[in-house]
Every structure is written in structure tokens, then in C-alpha cells.
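According to the working numbering, the sequence shown is numbered sequentially starting from 62.
Glycine included, each C-beta is placed from N, C-alpha and C at the ideal position.
No experiment lies behind these values; they were computed from the predicted model shown.
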Amino acid sequence: MDLTTSRCWVEISLDALVSNCRVLHQLLPPGCRLMNILKANAYGHGAIPAARVLEQSFPDDWIGVACLSEALELRQAGIRQEILILGYTPPEAAPLLAAENITQTLLSPDYTARLAACAVEAGAAVPCHLKLDTGMTRIGYPCCDASFTDTVENAVAAYRTPGLRISGIFTHFSSSYSHEPEDDAYTQAQFDRFLRLCQALEERGIQPGLRHCCNSPATVNSPEYALDMCRVGTVLYGLLPDTAMLHPSAFQPVMTWKARVAMVRQVAAGTPVSYSRQAVTQRDTMLAVVSAGDADGYPRQLTNLGRVRIHGRVCPVVGRVCMDMFMVDVTDCPEVSVDDEVLLLGGSGDEAVPCQWLYKPLGLGPSAISCNIRSRVPRIYRGL
Numbered sequence: 062m063d064l065t066t067s068r069c070w071v072e073i074s075l076d077a078l079v080s081n082c083r084v085l086h087q088l089l090p091p092g093c094r095l096m097n098i099l100k101a102n103a104y105g106h107g108a109i110p111a112a113r114v115l116e117q118s119f120p121d122d123w124i125g126v127a128c129l130s131e132a133l134e135l136r137q138a139g140i141r142q143e144i145l146i147l148g149y150t151p152p153e154a155a156p157l158l159a160a161e162n163i164t165q166t167l168l169s170p171d172y173t174a175r176l177a178a179c180a181v182e183a184g185a186a187v188p189c190h191l192k193l194d195t196g197m198t199r200i201g202y203p204c205c206d207a208s209f210t211d212t213v214e215n216a217v218a219a220y221r222t223p224g225l226r227i228s229g230i231f232t233h234f235s236s237s238y239s240h241e242p243e244d245d246a247y248t249q250a251q252f253d254r255f256l257r258l259c260q261a262l263e264e265r266g267i268q269p270g271l272r273h274c275c276n277s278p279a280t281v282n283s284p285e286y287a288l289d290m291c292r293v294g295t296v297l298y299g300l301l302p303d304t305a306m307l308h309p310s311a312f313q314p315v316m317t318w319k320a321r322v323a324m325v326r327q328v329a330a331g332t333p334v335s336y337s338r339q340a341v342t343q344r345d346t347m348l349a350v351v352s353a354g355d356a357d358g359y360p361r362q363l364t365n366l367g368r369v370r371i372h373g374r375v376c377p378v379v380g381r382v383c384m385d386m387f388m389v390d391v392t393d394c395p396e397v398s399v400d401d402e403v404l405l406l407g408g409s410g411d412e413a414v415p416c417q418w419l420y421k422p423l424g425l426g427p428s429a430i431s432c433n434i435r436s437r438v439p440r441i442y443r444g445l
């Protein structure tokens, strides 16, 4: 791709992706495996390119996706690693799951029965992992005290159900991004419920298979929860906030998002800027028009809140973010000119635009930014 003709683009460092995965492997206790979460197009980074380089470097890793279409896209691209669908798949797809060796999450006893019936009817055996709800209150077999006995019986029945091959069991921590005492206690309680049910299965003569409950922050901070496999998403892409890490680690942002200066203009104090006059200049101001906007994935909610870098200097967003462009104040950066690069996200050191600048003012998480960079923004892959 010719960057001289690009108004807005994303650069993906495959070297940084592999480096982050290597750091994660070094954090794992002996015998523990890694599941790389590639859902939502690898958090906006490109699932197929990410899967290819990760499979080449770490062939024994698993892949996690959200849905059947994401799993099939990887299979059709030639990816042969084990894939776990973390969410719902219509039970009627049982023959396809079996044929493509795609592991399906068992969401509930009812779902398990429906999936098994479709598998048996097709003469197939679907690979599965059993999901336990230990406190997320989302999908999974309920695993709190009031439901524990029933869940043990339902889990035993699932492992013995014809048409299914259960090779693992997992849960998801709801509060491991925080280390306030009450959040740490809740995570520990979820872990204890999970282990209790795994032990109950073993007492009934059933080996649970691969046990996994750690997400990104738990993988980085809590090796005591690692068990047989850890699932990593935000940290794999260098997006885990520093506040979620108890110890500094050498994770690098994989994504760099850039645009160009489309125009530079001088306006007087008191000049309204952009739609609805949500900003009025307080001084004589030099404005730069940036060639990215809401339709590219730069959130409109960053109106008067966003920050970018041009020539390494911080330039604040002025006025409402438009569909295809927005304005920034470059009064204190007089060397800015048309066609200069504008750093929207990424970079390193003191000249970076951390993801927190985009998501924190909005009360969101990092994946809400990277996943929402639109398809019209080309991805350029570098390294390896």
C-alpha cells in the first residue's frame, strides 16, 4: 500500500505481537498452555494475519473466538490450531463443528442436550468445553452454593452424553482487572468454586480435562490461578492498562493508528468550531484539520476530550468530532503543515498516544477502541 495516498491507516507490528506472546509464555507456570483470543478480528488487528504468525511461532497454543463464523474464517485460511468458540453456536451446526474440529462451549444443561441431540442425529462427535458460571452471571452452568449439587449432577451428565467429547472446563473472572480487596476476594471466591466443582467431578471418576479461568490480568498477576491454560486478549495486543498490572512487564502496543493533517488555518479568539458550536476558541488559535473521524472509528464522544500527537507534541481535539475529520489545536506547535502525520493511537515512550487517552474519558475499555476502527481504515502489517 502506498502511504502517500492514505488519509488514515493502521500499522500492525507482527514482531510486537509475537514478542508479547513470548513474554506471556514466560509468565506461565510449567505445563500451562496459552489460548490467544482472536475474536472480533483479533480485537481489530486482523485475525488471519495474527493467527498465522502465532501458529508459526507457538504451534501448541489454542485460539479463542466468539462465534462459528470467526472459527470457520480461520479454518478456511488454513489455521489448524485448536479453536474454542466462547459463545453460542446454533446446535444444528453440530456436524460442522465436528467436521472442522472446532471446540464448542457448553452454555447450559438445556443447550448441552440440544447440541448432543443434533450431533447424535448426524452421527458426529462434537469437541466441547464445559463453561461454569462462578460469579460472572452470564453464560455457563451456575456454580454458586445454592446450585452446586444440581450443577455437579448436570456436569457429570454432560461428560457422559453421547455425541459430545468434553476435553476441558472453564470459568471467567468478573473482577480481576481490579485489585481492591473486595475484588481480589471475589476473584478468589470464583476460583474456589471452580476448583470445588472440578474436584467433585474427579470424585465421580471424571477427569475434567483442560482447566482454565485466567483472563489477561489474572494471567499476568496471578500465576496461582493458571491451572492448565490461560486465555489472553487485551494483554496479547499490548492494551492491558498499567493499572491492571501489579508488576511492570515488557508488553508492546501492536497497533499504531495514524492520519494526516488535511488543512491548517488561523482563527481569531471567539470563533465557534465544528457542529453545534460545542467549542469556541479562547485565544487566537491555529487549527489543524485531521483526516479521520467517527466513520473511521475515532469516537465522536471525544469531542473536546481527545488528544493526538503531531511532531511528538500533544494537540487537543477542538469541537465535535465529525464523520470523516476533526480539528485539533496546534497553536503551540507552529511547525505543523499539511500532510504531516497525526498519531491517533500507539507509539512508544514519551511520544506515545496510549489507548487510555481514547477510552478512559468515555468510561470504556481498550477493546472498545481497537475493535471499532472501521474496515475502511487499511491495516498495514510489518515485521516477520
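Legend entry - Host beta strand (DSSP E) of Ser74 (start-end): For the purposes of this step, residue 74 is identified with residue 13 of the sequence shown, where counting begins at 1. First-last of the beta strand (DSSP E) with Ser74: Cys69 to Ser74.
Inset, instruction - Take Gly201 and list the residues in its own chain whose beta-carbon comes closer than 6 Å to its own, dropping the five residues that flank it on each side. - result: By one-based count along the sequence shown, residue 201 stands at place 140. Answer for Gly201: Lys192, Leu193 and Asp194, listed in chain order.
Inset, instruction - Locate the alpha helix (DSSP H) running through Gln260, then write down its first and last residues. - result: In the sequence shown, counting from the first residue as 1, residue 260 sits at position 199. Counting along the chain, Gln260 sits inside the alpha helix (DSSP H) bounded by residues Pro242 to Glu264.
Legend entry - Through-space distance from Phe119 to Lys319, alpha-carbon basis: Residue numbering aside, residue 319 sits at position 258 when the sequence shown is read from its first letter. Residue numbering aside, residue 119 sits at position 58 when the sequence shown is read from its first letter. For Lys319 and Phe119, the distance between alpha carbons rounds to 30 Å.
Legend entry - Start-to-end residues for the beta strand (DSSP E) that takes in Val379: As a first step, residue 379 must be located in the sequence shown, where it is residue number 318. That run of the beta strand (DSSP E) goes Arg374 to Val379.
Inset, instruction - Flag this pair as touching only if the stretch 326 to 341 and the stretch 403 to 417 have three or more C-beta atom pairs under 8 Å; answer yes or no. - result: no
Legend entry - the stretch 69 to 89 touching the stretch 296 to 315, judged by at least three CB pairs closer than 8 Å: yes
Legend entry - Cut-off 7 Å between Cβ atoms - residues of its own chain near Leu404, not counting five sequence neighbours on either side: As a working note, residue 404 is residue 343 in the sequence shown. Counting only Cβ-Cβ distances below 7 Å, and skipping sequence neighbours, we find Lys319, Val369, Arg370 and Val414.
Inset, instruction - Confirm, please, whether the CB-CB distance from His106 to Tyr420 is below 8 Å. - result: Counting from one through the sequence shown, the residue named residue 420 turns up at place 359. Counting from one through the sequence shown, the residue named residue 106 turns up at place 45. No, they are not a contact pair.
Legend entry - Exposed unless 16 or more other CB atoms sit within 10 angstroms - verdict on Val341: The residue given as residue 341 occupies position 280 in the sequence shown. The residue in question, Val341, is exposed, as its Cβ has fewer than 16 Cβ neighbours within 10 Å.
Legend entry - Assigned secondary structure, Glu412 (DSSP; H/G/I helix, E/B strand, else coil): Here the question's residue 412 lines up with position 351 in the sequence shown. The answer is helix: DSSP assigns Glu412 an H, G or I state.
Legend entry - Integer-rounded CB distance, given that Leu145 should sit under 8 Å from Met197: Within the sequence shown, the letter at position 136 stands for residue 197. Within the sequence shown, the letter at position 84 stands for residue 145. Wrong, their Cβ atoms sit about 17 Å apart, outside the cutoff.
Inset, instruction - Using alpha carbons as the reference points, say which of Gln260, Asp345, Val382 and Arg272 lies closest to Val391. - result: As a first step, residue 391 must be located in the sequence shown, where it is residue number 330. When only C-alpha atoms are compared, the closest one is Asp345.
Inset, instruction - Please say whether Val397 and Val322 have beta carbons closer to each other than 8 Å? - result: Here residue 322 refers to the residue found at position 261 when the sequence shown is read from its first residue. Here residue 397 refers to the residue found at position 336 when the sequence shown is read from its first residue. Closer than 8 Å, so yes.
Inset, instruction - Would you give the residue range spanned by the alpha helix (DSSP H) that Cys93 belongs to? - result: Position 32 of the sequence shown, counted from the start, is the residue given in the question as residue 93. Boundaries cannot be given for Cys93, as no alpha helix (DSSP H) includes it and DSSP labels it neither H nor E.
Inset, instruction - Name the residue from Glu116, Asp245 and Tyr104 whose alpha carbon lies nearest to the alpha carbon of Leu445. - result: By 1-based counting over the sequence shown, the position of residue 445 is 384. When only C-alpha atoms are compared, the closest one is Glu116.
Legend entry - Distance between Ala155 and Ser130 (C-alpha atoms, nearest Å): Position 69 of the sequence shown holds residue 130. Position 94 of the sequence shown holds residue 155. Whole-angstrom Cα-Cα distance: 14 Å.
Inset, instruction - Under 7 Å Cβ to Cβ from Gln362, same chain only, skipping five residues before and after it: list those, please. - result: For the purposes of this step, residue 362 is identified with residue 301 of the sequence shown, where counting begins at 1. The beta carbon of Gln362 sits closer than 7 Å to those of Leu423, all from its chain and outside the five residues before and after it, given in chain order.
Legend entry - Contact under 8 Å by Cβ, Leu158 with Ala127: Mapped onto the sequence shown, residue 158 falls at position 97. Mapped onto the sequence shown, residue 127 falls at position 66. Not in contact: Leu158 and Ala127 (Cβ atoms no closer than 8 Å).
Legend entry - Whole-angstrom distance between Val114 and Cys394, CA atom to CA atom: Looking up residue 394 in the sequence shown gives position 333. Looking up residue 114 in the sequence shown gives position 53. Approximately 39 Å between the Cα atoms of the pair.
Legend entry - Closest by C-alpha distance to Ser283, when choosing among Gly373, Phe252 and Phe231: Taking the sequence shown and counting its residues from 1, one reaches residue 283 at position 222. The shortest Cα separation from Ser283 among Gly373, Phe252 and Phe231 belongs to Phe252.
Legend entry - Those residues which DSSP pairs with Met306 across a bridge: For the purposes of this step, residue 306 is taken as residue 245 along the sequence shown, with counting starting at 1. Partner(s): none; Met306 has no beta bridge.
Inset, instruction - Using beta-carbon positions only, say whether Ser169 and Pro439 come within less than 8 Å of one another. - result: Counting from one through the sequence shown, the residue named residue 169 turns up at place 108. Counting from one through the sequence shown, the residue named residue 439 turns up at place 378. No, these two residues do not count as a Cβ contact at 8 Å.
Inset, instruction - Determine the closest residue to Asp289 out of Asn102, Gly139, Leu307 and Cys259, with distance taken between C-alpha atoms. - result: Translated into positions along the sequence shown, residue 289 becomes position 228. Nearest C-alpha to Asp289: Cys259.
Legend entry - 8 Å CB neighbourhood of Val181 in its chain, flanking five on each side removed: Taking the first residue of the sequence shown as position 1, residue 181 is located at position 120. The residues are Pro223 and Gly224.
Legend entry - Sub-8 Å separation of Cys93 and Cys376 beta-carbons: Stepping through the sequence shown from its first residue, residue 93 is reached at position 32. Stepping through the sequence shown from its first residue, residue 376 is reached at position 315. No, the Cβ-Cβ distance between Cys93 and Cys376 is not below 8 Å.
Inset, instruction - Rank Gln137, Thr210, Leu256 and Ser236 by C-alpha distance to the C-alpha of Arg272 and give the top, closest one. - result: If you number the sequence shown from 1, residue 272 lands on position 211. Cα-wise, what sits closest to Arg272 is Leu256.
Inset, instruction - Could you tell me which residues DSSP puts in a beta bridge with Thr164? - result: The count along the sequence shown starts at 1 and reaches residue 164 at position 103. In the DSSP assignment, Thr164 is bridged to Leu145.
Inset, instruction - Classify Pro152 as helix, strand or coil using the three-state DSSP reduction. - result: As a first step, residue 152 must be located in the sequence shown, where it is residue number 91. If DSSP states are grouped into helix, strand and coil, Pro152 belongs with the helices.
Legend entry - Sequence-distant residues of the same chain with beta carbon closer than 8 Å to Val217, five excluded per side: For the purposes of this step, residue 217 is identified with residue 156 of the sequence shown, where counting begins at 1. Non-local C-beta neighbours of Val217 in its own chain, meaning closer than 8 Å and more than five positions away in sequence, comprise Leu262, Arg265 and Ile267, ordered along the chain.
Legend entry - Straight-line gap, Ala219 to Ala207 (C-alpha atoms, nearest Å): Counted from its first residue, the sequence shown places residue 219 at position 158. Counted from its first residue, the sequence shown places residue 207 at position 146. Roughly 20 Å between the two C-alpha positions.
Inset, instruction - Determine the extent of the alpha helix (DSSP H) in which Val181 is found, giving its start and end residues. - result: For the purposes of this step, residue 181 is identified with residue 120 of the sequence shown, where counting begins at 1. Note, Val181: alpha helix (DSSP H), Pro170 to Ala183.
Legend entry - Proximity below 8 Å, CB of Gln142 to CB of Asp122: Residue mapping note: residue 142 aligns to position 81 of the sequence shown, counting from 1. Residue mapping note: residue 122 aligns to position 61 of the sequence shown, counting from 1. Yes.
Inset, instruction - For Ser228, name the three-state secondary structure that DSSP assigns. - result: Your numbering for residue 228 matches position 167 in the sequence shown. Correct three-state label for Ser228: strand.
Inset, instruction - Just the C-alpha distance for Tyr104 and Pro302, rounded to the nearest angstrom, thanks. - result: The residue given as residue 104 occupies position 43 in the sequence shown. The residue given as residue 302 occupies position 241 in the sequence shown. For Tyr104 and Pro302, the distance between alpha carbons rounds to 15 Å.
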